[in-house]
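Report on the following structure.
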Amino acid sequence: MTPAGIRTEIISILGDIAPDEDLTSLQDDVPFREQIELDSMDFLDIVMELRKRHRVQVPEADYGQLVSMASTVKYLEPLMKDA
Amino acid sequence: MYDTIIIGAGMSGLAAGIRLAYYDQRVCILERHNTIGGLNSFYRLRGRDYDVGLHAVTNFTPLGAKRGPLARLLRQLRFQWADFGLAPQIGSAIAFPGVELKFGNDIELFEAEIARKFPGEKDNFRRLLQRLVDYDDLNPAHFEMSGRQVLDETIGAPLLREMILCPLMWYGNAAEHDMPFGQFCIMFRSIFLEGFARPLAGVRLILRNLIRKFRALGGELRLRSGVARIKVEGGRAVGVVLDDGRELQARRILSSAGLVETLRMCEDLTQADDHRGGRMSFVEAISVLDRQPQQFGHDRTIVFFNDSDQFHWQRPGELCDVRTGVVCSPNNYAYGAGEGLPDGILRISALANYERWAGLSEEQYRLEKLRWYDRLVESAVRFVPDHRSYVIDTDIFTPTTIRRFTWHNNGAVYGAPEKRFDGTTHLENLFLCGSDQGFVGIIGAIVSGITVANKHCLKG
């Protein structure tokens, strides 16, 4: 999957987790938490959705990599290159 | 082999089940009773629907709120706000002799009432609110502080302290006399800072949505399937033995049966400390009326009453203690235009002693139910309009009814005083959710199931 494809997928996951949020103006370099109302439970869901949809395993030690869109895409790129 | 077996199909078990089934686990919920809901269940009698637990859904926040437990659980379970059909309360009150404090879903009304009835306490109440803001729920020492002590330090008027405690204890205190400050904060937020609401169809609407979602995700529910024993091998739970002797295997077990109740099932423990169980239980007199409560001047959603300046929160020595109680009218919610309940209903709760009720013969039980129905209503009509001439049907449930629905020791409504916040037990793959985890109310129970499922059953 390309970085653009991963980004689209993350937007789709965020749309499921937080259906009331406007994601069209999401800034990639700004932490998710500063733009949308996400708590630790919601972050777990990003990880779980990746596993459910793409069989991608994110170890708990790496959850911190998912802080913003840019860091998430960068982290997932090698893991999802064949997805 | 199941990934997770969940003991109990109450709010917390169903919520945990949805989370796990959503993420493709093979999940089975085992329920001893012949219906779902646990404490928050429902029944039908002589053609009418009744709720068991639900007076009000606490922790109510309106459509669009992004914070708070309700918003969080809707996101986690992938529900829309409208799915729970919540209509906000009209307004409630705390009634003590000669003083009434009204409150609603906006803290400003409560503050204004306190300023009017206790003019010297306005700033003290602000200080109490600040103590709540400062409360750190990650610090166990903060939780265990005495709620009464915090009130003594902030509020000057003893009567006001008692009036603030009354609804908080009624809606969620498993301990007697005092309540831990942590529980105080949880209850204060859910009642005074968030608020009350109810679906028109009662608790069954919420349960129906939960069970539908659970089943649609492939979850399995078995009713009339009580767990007699939890099988243990080498420090791990390996499965359960049902009341009828059948065995089921699972990688992990999540129990909403209560701490003591769950430990007693474990075959590696020879005895569980029964004295650690809770013992606060209730009796409730339900009156069906030939008119809506507002037609005879009763316009409150919930009234918490106490007939002296001192509020006593303890298990009664007698069958019941009717000095304090809660009057709930499910009619008095702001339902949609043209919507409403067909009959007027008043539900009156009082404190009760499980052992005394459980020790009665069938004949005595029937008689005592009638006797205490009269005493409960007689006590309540000192604080709400007398409605006795409008009654067309009645029912009463007791601690033994609660026991039948929940299987909790002593028919304890809010579980054991000692809470296990992280949901862990002596076994590495046996976890607890539900009232013994410190969350109470429908929203609290659901959040409890979600939290424990996330923490212990999904990661890794």
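So the protein lines, in turn, are chains R and L.
For the first sequence, this note's numbering gives the first residue as 10, with consecutive numbering after it.
For the second sequence, this note's numbering gives the first residue as 20, with consecutive numbering after it.
The C-beta atom is built at its ideal place from N, Cα and C for all residues, glycine as well.
For clarity, every value in this text was computed on a predicted model and none was experimentally measured.
- For L/Leu477, the nearest beta carbon of chain R is closer than 8 angstroms to its own beta carbon.
- Listed along chain L, no residue sits closer than 8 angstroms to R/Glu18 by beta-carbon distance, the nearest being about 17 angstroms off.
- Taking 8 angstroms as the cut-off, the beta carbon of L/Ala84 is found no closer than this to the beta carbon of L/Tyr352.
- For L/Asp43, the closest Cβ of chain R is nearer than 8 angstroms.
- DSSP places L/Val76 within a strand segment (E or B) once states are collapsed to three.
- Secondary structure at L/Val341: strand, using DSSP grouped into helix, strand and coil.
- Straight-line measurement puts the Cα of L/Phe144 at about 28 angstroms from the Cα of L/Glu437.
- Remark: three or more beta-carbon pairs, one from each stretch, lie closer than 8 angstroms, so the region 32–40 of chain R and the region 61–79 of chain R are flagged as touching.
- Between R/Asp51 and L/Arg310, the gap from beta carbon to beta carbon reaches 8 angstroms or more.
- Inclusion of L/Leu278 and L/Leu33 in the CB contact set at 8 angstroms is not warranted, their separation being larger than that value.
- For L/Leu236, the CB contacts under 8 angstroms within the same chain, skipping 5 residues up- and downstream, are Ile37, Ala40 and Tyr41 in chain order.
- Ranked by Cα distance from L/Glu181, the first of L/Thr77, L/Leu229, L/Glu239 and L/Val118 is L/Val118.
- Note: L/Pro199 is bridge-paired with L/Ser165 in the DSSP secondary-structure output.
- The alpha helix (DSSP H) runs of length 4 or more contained entirely in the region 60–144 of chain L are, from start to end of the chain, 88–96 and 126–136.
- A direct Cα-to-Cα measurement between L/Pro335 and L/Arg319 gives close to 27 angstroms.
- Under a criterion of Cβ atoms nearer than 9 angstroms, the residues of chain L adjacent to R/Ala27 are, in order, Lys85 and Arg94.
- L/Cys204 sits in a helix when the DSSP states are folded into three classes.
- By the Cβ-count criterion, L/Met206 is buried, with 16 or more other Cβ atoms from all chains shown falling within 10 Å of its own Cβ.
- Contact between L/Ser275 and L/Thr413 does not hold, since the beta-carbon distance rounds to 31 angstroms and is not under 8 angstroms.
- Around the beta carbon of L/Gln456, 16 or more other beta carbons sit within 10 angstroms, so the residue counts as buried.
- Contact of L/Asn448 with chain R by beta-carbon distance below 7 angstroms is absent, the smallest such distance being about 18 angstroms.
- When beta bridges are read from the DSSP output, L/Gln313 appears opposite no residue.
- Looking at the DSSP output, L/Thr425 sits in no beta bridge, so it has no partner there.
- In the DSSP annotation of this structure, the continuous segment of the beta strand (DSSP E) that includes L/Gln268 starts and ends at Glu266 to Ser274.
- In terms of Cα proximity to L/Arg265, the closest of L/Tyr433, L/Leu148, L/Glu280 and L/Val246 is L/Val246.
- With a threshold of 8 angstroms between beta carbons, L/Asn158 makes no contact with chain R.
- The beta-carbon of L/Asn59 is placed no less than 8 angstroms from the nearest beta-carbon of chain R.
- Between the region 192–201 of chain L and the region 378–387 of chain L there are fewer than three inter-stretch CB-CB distances shorter than 8 angstroms, so the stretches are not counted as touching.
- Taking the Cα positions, L/Leu338 is about 10 angstroms away from L/Thr417.
- The closest CA to that of L/Cys47, considering only L/Ser454, L/Ala269, L/Leu370 and L/Asp262, is found on L/Ala269.
- Pairing L/Tyr354 with L/Phe440, the inter-Cα distance amounts to about 36 angstroms.
- Contact between L/Ala435 and L/Arg295 holds, since their C-beta atoms are separated by about 6 angstroms, short of 8 angstroms.
- Boundaries of the alpha helix (DSSP H) around R/Val82: Met78 to Leu88.
- Nothing from the region 59–82 of chain L brings a Cβ to less than 7 angstroms from some Cβ of chain R.
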